[in-house]
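Trainee:
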Amino acid sequence: MILCIVEIFHEKDIVIARQTARELAIDMGFGLVDQTRIVTAVSELSRNIFKYAKNGKVIFESVENGKKNGLSISFIDKGPGIENIEDAMKEGFSTGKGMGLGLPGVKKLMDDFKISSELEKGTTVVITKWR
Amino acid sequence: MKKVPILIINNTLIICIQNDLTDTAILELQNDILNKTYKTRVNGVIIDVSELDMIDVFLGKVISDTAKMVRLLGAEAVIVGMKPNIAITLIELGFEMPNVRTAIDIDNGLKILNKCEKYSSAKEPEVTELPGES
Numbered sequence: 007m008i009l010c011i012v013e014i015f016h017e018k019d020i021v022i023a024r025q026t027a028r029e030l031a032i033d034m035g036f037g038l039v040d041q042t043r044i045v046t047a048v049s050e051l052s053r054n055i056f057k058y059a060k061n062g063k064v065i066f067e068s069v070e071n072g073k074k075n076g077l078s079i080s081f082i083d084k085g086p087g088i089e090n091i092e093d094a095m096k097e098g099f100s101t102g103k104g105m106g107l108g109l110p111g112v113k114k115l116m117d118d119f120k121i122s123s124e125l126e127k128g129t130t131v132v133i134t135k136w137r
Numbered sequence: 005m006k007k008v009p010i011l012i013i014n015n016t017l018i019i020c021i022q023n024d025l026t027d028t029a030i031l032e033l034q035n036d037i038l039n040k041t042y043k044t045r046v047n048g049v050i051i052d053v054s055e056l057d058m059i060d061v062f063l064g065k066v067i068s069d070t071a072k073m074v075r076l077l078g079a080e081a082v083i084v085g086m087k088p089n090i091a092i093t094l095i096e097l098g099f100e101m102p103n104v105r106t107a108i109d110i111d112n113g114l115k116i117l118n119k120c121e122k123y124s125s126a127k128e129p130e131v132t133e134l135p136g137e138s
């Protein structure tokens, strides 16, 4: 079930995506450390949209898997895409000025992490944290 | 845009970083801290992160870079008040803050500064300048 959608157009939308993530994580009963992991992951991936694709959207969904429920967040942009996903997932790799911790770091913070990308078409990252 | 206040007390700048700053605001704050350190000639800078409920790689890098830049200016910097949930998340992300002094709170941050030669050997605090001029 979709809970909320945040459009990323301006820098301040990264802050809004973070605030939304925090509120939803609290509502869903995540503990403090998981709340922080989720908010941090949302911050990293929203910034990626703003930095590389200029705009895109973040979709927050509640998901179920048998007994467990979780928060799933999709980051969708129609930006330049990622040339080599394998490289992008390597720690220390960055095409920008970043430290290259972003994508591999986010993967470590979350339970599930899926990425798909096509050059000139865009990138979609879906992350999930289970309760 | 929110402006983070920078306090000057006894030869020390104290900055309490707030939540929900944009990346631009964070970079402006870094600039303000360095300019104020230079202009007021303080010997210590305390960056309090206890209000923050998230530090991502960008913010973490700006904070630790600021501490190193302050040292290049000739002052000492301490980062104080990091919460456990943030420490866990930063290390899981793969981000560490090597060569940066940290303390559990402002009180202990001042104690660490007092142990630093640059800070403690500085002449007795000159007349404390009022913040606000820039």
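Sequence lines, in order, name chains A and B. Position one of the first sequence corresponds to residue 7 (my numbering), numbered consecutively onward. Position one of the second sequence corresponds to residue 5 (my numbering), numbered consecutively onward. Glycine included, every Cβ here is placed at the ideal spot set by N, Cα and C.
Near D109 (chain B), which residues of its chain fall below 6 Å by C-beta distance, leaving aside the five closest residues on each side in sequence?
Mentor: Stepping through the second sequence from its first residue, residue 109 (chain B) is reached at position 105. The answer, listed in chain order, is V84, G85.
Trainee: Go ahead and label R53 (chain A) buried or exposed: buried means 16 or more other beta carbons lie within 10 angstroms of its beta carbon, across all protein chains shown.
Mentor: Numbered from its first residue, the first sequence carries residue 53 (chain A) at position 47. Flag for R53 (chain A) reads buried.
Trainee: Let me check one thing: in DSSP terms, what residues is L17 (chain B) bridge-paired to?
Mentor: In the second sequence, residue 17 (chain B) corresponds to position 13, counting from 1. B:I12, B:V49, per the DSSP bridge assignment.
Trainee: For I59 (chain B) versus A81 (chain B), is the C-beta distance shorter than 8 Å?
Mentor: Translated into positions along the second sequence, residue 59 (chain B) becomes position 55. Translated into positions along the second sequence, residue 81 (chain B) becomes position 77. The answer is no: Cβ separation not under 8 Å.
Trainee: Compile a chain-ordered list of the residues in the stretch 49–80 of chain A whose CB is closer than 8 Å to at least one CB of chain B.
Mentor: Within the stretch 49–80 of chain A, the qualifying residues are S49, E50, R53.
Trainee: Between A:R28, A:Q25, A:I79, which has its C-alpha nearest F119 (chain A)'s C-alpha?
Mentor: Taking the first residue of the first sequence as 1, we reach residue 119 (chain A) at position 113. Nearest option by C-alpha distance: A:I79.
Trainee: In the structure shown, what three-state DSSP assignment does R75 (chain B) receive?
Mentor: Here residue 75 (chain B) is taken as the residue at index 71 of the second sequence, counted from 1. Three-state DSSP puts R75 (chain B) in a helix.
Trainee: Determine the extent of the beta strand (DSSP E) in which T129 (chain A) is found, giving its start and end residues.
Mentor: In the first sequence, counting from the first residue as 1, residue 129 (chain A) sits at position 123. Start and end: 128–136.
Trainee: Pair every Cβ in the stretch 125–135 of chain A with every Cβ in the stretch 72–90 of chain A, then say whether three or more of these pairs are closer than 8 Å.
Mentor: A contact exists between the stretch 125–135 of chain A and the stretch 72–90 of chain A.
Trainee: On the criterion of 16 or more Cβ atoms from any shown chain inside 10 Å, does K119 (chain B) qualify as buried, or is it exposed?
Mentor: Residue 119 (chain B) sits at position 115 when you count from the first residue of the second sequence. Classification for K119 (chain B): exposed.
Trainee: Nearest to I18 (chain B) by alpha carbon, out of B:L33, B:T26, B:A29?
Mentor: Position 14 of the second sequence, counted from the first residue, corresponds to residue 18 (chain B). Comparing Cα positions, the closest option is B:L33.
Trainee: Terminal residues of the continuous beta strand (DSSP E) containing E70 (chain A)?
Mentor: Numbered from its first residue, the first sequence carries residue 70 (chain A) at position 64. Looking at the DSSP string, the run of the beta strand (DSSP E) that includes E70 (chain A) is 62–71.
Trainee: Could you compute how far the alpha carbon of T46 (chain A) sits from the alpha carbon of L77 (chain A)?
Mentor: Residue 46 (chain A) sits at position 40 when you count from the first residue of the first sequence. Residue 77 (chain A) sits at position 71 when you count from the first residue of the first sequence. Approximately 14 Å, taken between the alpha carbons.
Trainee: From the DSSP output, which residues share a beta bridge with A81 (chain B)?
Mentor: To locate residue 81 (chain B), count along the second sequence from 1; it is residue 77. B:V49, per the DSSP bridge assignment.
Trainee: Which bits of chain B does L115 (chain A) rub up against, with CB to CB less than 7 Å?
Mentor: By 1-based counting over the first sequence, the position of residue 115 (chain A) is 109. Within 7 Å Cβ-Cβ: T93, E96, L97.
Trainee: Keeping to the same chain, check which residues put their C-beta closer than 8 Å to that of K65 (chain B); ignore five residues upstream and five downstream.
Mentor: Counting from 1 along the second sequence, the entry for residue 65 (chain B) is found at position 61. The residues are F99.
Trainee: Within its chain, find whatever has a CB closer than 6 Å to the CB of R43 (chain A); leave out the 5 residues flanking it on each side and keep chain order.
Mentor: In the first sequence, counting from the first residue as 1, residue 43 (chain A) sits at position 37. Counting only Cβ-Cβ distances below 6 Å, and skipping sequence neighbours, we find L115.
Trainee: Spatial neighbours of K122 (chain B) within its chain, please: CB distance less than 8 Å, with the 5 preceding and 5 following residues excluded, ordered by chain position.
Mentor: The count along the second sequence starts at 1 and reaches residue 122 (chain B) at position 118. Once the five neighbours on either side are set aside, the close Cβ partners of K122 (chain B) are N47, G78, A79, E80.
Trainee: Taking the alpha helix (DSSP H) that D93 (chain A) falls in, what are its first and last residues?
Mentor: Locating residue 93 (chain A) in the first sequence gives position 87, where the first residue counts as 1. Here the alpha helix (DSSP H) through D93 (chain A) covers 91–94.
Trainee: On the three-state DSSP scale, how would you describe L25 (chain B)?
Mentor: Along the second sequence, read from residue 1 onward, the residue named residue 25 (chain B) stands at position 21. Reduced to three states, the DSSP call for L25 (chain B) is coil.
Trainee: Where does the unbroken alpha helix (DSSP H) through N118 (chain B) begin, and where does it stop?
Mentor: Taking the first residue of the second sequence as position 1, residue 118 (chain B) is located at position 114. 110–119 is the extent of the alpha helix (DSSP H) around N118 (chain B).
Trainee: Going along the chain, which residues of its own chain have a beta-carbon closer than 6 Å to the beta-carbon of E13 (chain A), five neighbours each way excluded?
Mentor: Translated into the one-based positions of the first sequence, residue 13 (chain A) becomes position 7. Correct list, in chain order: K63.
Trainee: For K120 (chain A), decide whether its Cβ has a neighbour in chain B, counting only Cβ atoms nearer than 8 Å.
Mentor: Against the first sequence, residue 120 (chain A) aligns to sequence position 114. False, the Cβ-Cβ gap to chain B never drops below 8 Å.
Trainee: For V48 (chain A) and R24 (chain A), I'd like the C-alpha separation in whole angstroms.
Mentor: Indexing the first sequence from 1 puts residue 48 (chain A) at position 42. Indexing the first sequence from 1 puts residue 24 (chain A) at position 18. Straight-line Cα distance between these residues: approximately 6 Å.
Trainee: Within 10 angstroms of its Cβ, does K135 (chain A) collect 16 or more other Cβ (buried), or is it exposed?
Mentor: As a first step, residue 135 (chain A) is located in the first sequence; it is residue number 129 there, counting from the start. Looking at its Cβ environment, which holds 16 or more other Cβ atoms inside 10 Å, K135 (chain A) is buried.
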